[in-house]
Amino acid sequence: MADHHIPHFQNDAGHPAIEIGVKEFMCVGANPPFDHPHVFLDMGADVEKVCPYCSTLYRYNPAQRADVTVPAGCSWKIKAA
Numbered sequence: 196m197a198d199h200h201i202p203h204f205q206n207d208a209g210h211p212a213i214e215i216g217v218k219e220f221m222c223v224g225a226n227p228p229f230d231h232p233h234v235f236l237d238m239g240a241d242v243e244k245v246c247p248y249c250s251t252l253y254r255y256n257p258a259q260r261a262d263v264t265v266p267a268g269c270s271w272k273i274k275a276a
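Here it is in structure tokens:
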């Protein structure tokens, strides 16, 4: 579906863990041009997932909005061409 949005997250600051409010997401590593392949990650029944490229640990918090991260500033917005 064209209207389905998968949140993207980045870890420029090198945080050991990022808390997010979704279980399906994309990790881009650092911001472009220093990003790694944008990988789709799905936590399934788990509450944590490690990115296989940058080793960022993502933790799920169901009380958190999809566009908010802890620490703040780790959401990545796709820039229009």
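Going by this note's numbering, the first residue of the sequence shown is number 196, and it counts up by one from there. Glycine is no exception: its CB is placed at the ideal position from the N, C-alpha and C atoms. Keep in mind it's a predicted model, so treat the numbers as computed, not measured.
One Cα belongs to Pro-228, the other to Ala-212, and the distance between them is close to 22 Å. When the five nearest sequence neighbours on each side are left out, the beta carbons in the same chain lying within less than 8 Å of the beta carbon of Ile-273 are those of His-203, in order along the chain. According to the DSSP assignment, Gly-224 belongs to the beta strand (DSSP E) that extends over 219-224. With fewer than 16 other Cβ atoms inside 10 Å of its own Cβ, Phe-235 counts as exposed.
In the DSSP assignment, Ala-212 falls within the beta strand (DSSP E) that extends over 212-215. Annotated as distal: Val-263 and Gly-224, with beta-carbon spacing of 8 Å or more.
The beta-carbon separation of Lys-218 and Tyr-248, rounded to 19 Å, does not stay under the 8 Å limit for a contact.
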